[in-house]
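Residue numbers (the working numbering): 15 to 584.
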């Protein structure tokens with residue numbers, strides 16, 4: 015293990031912690047580990063081609079497999095499959111206060127005869143039960159590497175790669191139904207974003223990291239937005255430049271970034287911000303291994319990755335609070351691809367021995383690929399992946415699911431979650447079905463966006479794992495909603511609207527500053543059901559006017575906590 019501390023551009027290395035190198039089976043990857051920089055994964059090769067026609071067909075039937083149901087997202091106005099197109103590499107955002115509102119973005123190929131892709135998107139207002147696919151963001155413009163996330167107020171963000179290897183970010187304030195204009199975000203190939211939802215001073219910050227391959231910004235692979243996506247700061251250096259990974263923000267505002275070394279794909283790095291929220295980011299970095307490299311251009315996805323590295327912070331209040339988790343598909347010696355998991359219990363300083371999540375017989379030549387992870391607010395870890403264990407064929411996979419309730423020490427018996435499908439059909443003039451899936455978890459289940467070929471073509475699907483979003487929304491506690499205050503920003507007073515279930519209930523409505531200190535309690539007691547309002551005049555509990563700045567309103571009731579950000583300008 016190589017511990018590296020970065021402050022600005024100064025790098026200090028310590029060799030006090032050593033992890034022995036592992037033998038890598040070269041047959042499972044297409045290039046030796048000691049090689050030139052990772053190849054660029056997204057380029058514009060073909061003209062757009064003639065789009066497939068949206069016909070007035072029958073609604074696409076849900077794909078039911080045991081307790082799991084897959085619902086197609088890229089459908090026409092009648093809910094029918096669009097024959098002759100392709101959709102893959104999906105990413106998902108779920109409204110934090112209204113879980114019935116979901117958006118999914120993907121790489122949209124209007125015809126399989128061309129690899130020209132655009133930013134396809136769909137949205138659901140009923141918890142994923144049905145989907146609307148309005149079309150593309152920036153129609154006619156090359157877009158790739160779609161990544162969605164959401165802020166604490168329920169705004170959705172869609173990051174998309176241009177053919178000049180810069181990224182563009184779109185914002186939606188209505189659950190993904192419509193999106194604002196594109197905002198230039200710098201970026202590069204395989205960019206990923208994460209948004210601060212801590213309700214601290216850094217709340218709303220959008221962080222972005224990308225690959226060194228085809229990077230327009232030299233060695234700089236990190237930047238952020240500090241104004242809710244209105245603009246992005248110029249890129250900066252984040253040694254050792256981890257690639258093909260993801261980001262997450264801890265409750266105290268610390269940013270974590272995971273990826274692999276661009277010269278050795280079995281060397282995983284986690285970069286950690288050492289001054290959360292600072293205007294001059296500094297990072298420390300730790301190196302570890304998962305038992306093999308991330309593979310690409312091989313096996314069931316010949317033209318793409320076998321998956322990316324996933325990082326998540328445990329934000330629960332239980333015994334695993336603060337743990338840092340990493341999961342990825344790797345190619346260990348003697349097996350083409352496994353799902354491996356490690357954790358850190360001390361803020362990323364040291365990491366555990368890798369755990370094998372897939373429970374099939376080791377060495378059976380099965381491919382477990384596109385490993386994807388998310389962590390619920392109660393600490394449950396969800397994992398999904400594609401798996402060939404039941405077919406013995408590299409191109410014939412099923413979606414699989416497993417979970418852990420003890421911080422990843424043990425995992426549930428693996429469950430097949432879909433029928434068998436063929437990853438070699440429906441290629442849109444490129445031999446891949448994207449590079450990743452995406453998932454977000456809540457206390458009763460997980461929302462998954464994935465791609466499969468149930469229609470003998472590449473399509474994007476939504477799956478609710480666990481208790482359905484409709485059931486969750488129907489419970490009494492979910493009837494408590496907190497709406498945006500008006501006006502915002504404000505100078506004299508602002509009105510806060512909130513909903514209470516018809517039967518009424520006990521409510522606490524409070525205002526906090528960015529340091530988490532209570533400023534004033536606006537409501538504390540039993541209230542009648544229905545829509546309600548409260549006003550705040552910018553004063554604390556003693557009647558003293560507070561300073562200009564960001565404040566947070568928090569609604570607490572029946573075990574539910576809702577938050578919104580308010581800006582006071584004197």
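The beta carbon of each residue, even a glycine, is placed where N, CA and C say it ideally should be.
Give the DSSP-derived three-state secondary structure of residue i in the structure shown.
i           : result
residue 545 : strand
residue 119 : strand
residue 179 : coil
residue 517 : coil
residue 97  : coil
residue 405 : coil
residue 563 : strand
residue 26  : In this prediction, residue 26 has a pLDDT of 31, which is less than 50 and means its spatial position is unreliable; nothing more can be read from the coordinates.
residue 509 : strand
residue 149 : strand
residue 130 : coil
residue 317 : strand
residue 550 : strand
residue 257 : strand
residue 527 : strand
residue 556 : coil
residue 534 : strand
residue 82  : strand
residue 575 : strand
residue 412 : strand
residue 160 : strand
residue 66  : coil
residue 568 : strand
residue 400 : strand
residue 102 : strand
residue 174 : strand
residue 74  : coil
residue 47  : Note that residue 47 has pLDDT 33, beneath the 50 cutoff, so the model's placement of it is unreliable and no number is given.
Whole-angstrom Cβ separation of residue i and residue j, contact assumed at under 8 angstroms?
i           : j           : result
residue 305 : residue 376 : Between residue 376 and residue 305 the Cβ distance is about 11 angstroms, and since that is not below 8 angstroms, they are no contact.
residue 111 : residue 496 : 6 angstroms
residue 210 : residue 218 : 6 angstroms
residue 528 : residue 564 : 5 angstroms
residue 471 : residue 439 : 7 angstroms
residue 371 : residue 104 : In fact, because the Cβ distance is near 21 angstroms, the residues do not count as touching under 8 angstroms.
residue 262 : residue 251 : Not confirmed; about 21 angstroms, so no contact.
residue 254 : residue 235 : Going by Cβ atoms, the distance from residue 254 to residue 235 rounds to 10 angstroms, so no, they are not a contact pair.
residue 176 : residue 448 : About 18 angstroms; that fails the 8 angstroms criterion.
residue 339 : residue 389 : 6 angstroms
residue 394 : residue 417 : 6 angstroms
residue 203 : residue 225 : 5 angstroms
residue 507 : residue 549 : 5 angstroms
residue 182 : residue 142 : So it is not a contact: roughly 26 angstroms between Cβ atoms.
residue 409 : residue 432 : No, residue 409 and residue 432 are not in contact; Cβ-Cβ is about 15 angstroms, not under 8 angstroms.
residue 97  : residue 66  : 6 angstroms
Taking the alpha carbon of residue i as the reference point, which residue from the options has its own alpha carbon closest?
i           : options            : result
residue 476 : 88, 299, 381       : 88
residue 5   : 220, 558, 134      : Nothing can be reported for residue 5: it is not among the residues displayed for the chain, which extend from 15 to 584.
residue 158 : 85, 180, 147       : 180
residue 458 : 478, 467, 449, 468 : 478
residue 241 : 465, 197, 277, 231 : 197
residue 531 : 567, 208, 465, 334 : 567
residue 237 : 287, 266, 274      : 287
residue 546 : 507, 494, 67, 239  : 494
residue 359 : 349, 224, 328      : 328
residue 58  : 104, 106, 132      : 132
residue 525 : 562, 456, 554      : 554
residue 5   : 392, 116, 102      : The chain is shown only over 15 to 584; residue 5 falls outside these bounds and no answer can be derived.
residue 396 : 453, 577, 404      : 453
residue 265 : 149, 278, 391, 126 : 391
residue 63  : 113, 123, 118, 97  : 123
residue 319 : 118, 257, 301, 355 : 257
residue 572 : 114, 582, 518      : 518
Are the C-beta atoms of residue i and some chain E residue less than 8 angstroms apart?
i           : result
residue 583 : Any reference to chain E falls outside this structure, which holds one protein chain only.
For the region 75 to 86 against the region 282 to 298, do three or more pairs of beta-carbon atoms, one drawn from each stretch, fall closer than 8 angstroms, so that the two count as touching?
no
Alpha helix (DSSP H) runs wholly inside the region 185 to 255, at least 4 long, in chain order
none
Quick one: which unbroken beta strand (DSSP E) runs of 3-plus residues sit fully inside the region 424 to 504? Chain order, please.
Scanning the region 424 to 504 for uninterrupted beta strand (DSSP E) segments of 3 residues or longer gives 452 to 456, 459 to 466, 473 to 480, listed from N- to C-terminal end.
What are the complete beta strand (DSSP E) segments, minimum 3 residues, inside the region 269 to 314?
269 to 274, 282 to 287, 297 to 302, 310 to 312
Touching or not, the region 321 to 341 and the region 417 to 429, by the rule of three or more beta carbon pairs under 8 angstroms?
yes
Would you mind listing the beta strand (DSSP E) stretches within the region 319 to 398 that are 3+ residues and don't spill past its ends, in chain order?
Within the region 319 to 398, the complete beta strand (DSSP E) runs of at least 3 residues fall at 324 to 327, 338 to 344, 352 to 358, 382 to 389.
Can at least three beta-carbon pairs, one atom from the region 461 to 471 and one from the region 541 to 557, be found at a separation below 8 angstroms?
no
Across the region 144 to 163 and the region 507 to 526, are there enough close Cβ pairs to call them in contact, namely three or more that are closer than 8 angstroms?
no
Taking one C-beta from the region 308 to 326 and one from the region 262 to 275 each time, how about it: are there three or more such pairs within less than 8 angstroms?
yes
Spell out a yes or no on whether the region 126 to 146 and the region 183 to 198 are touching, meaning 3 or more CB-CB pairs, one atom from each, closer than 8 angstroms.
yes
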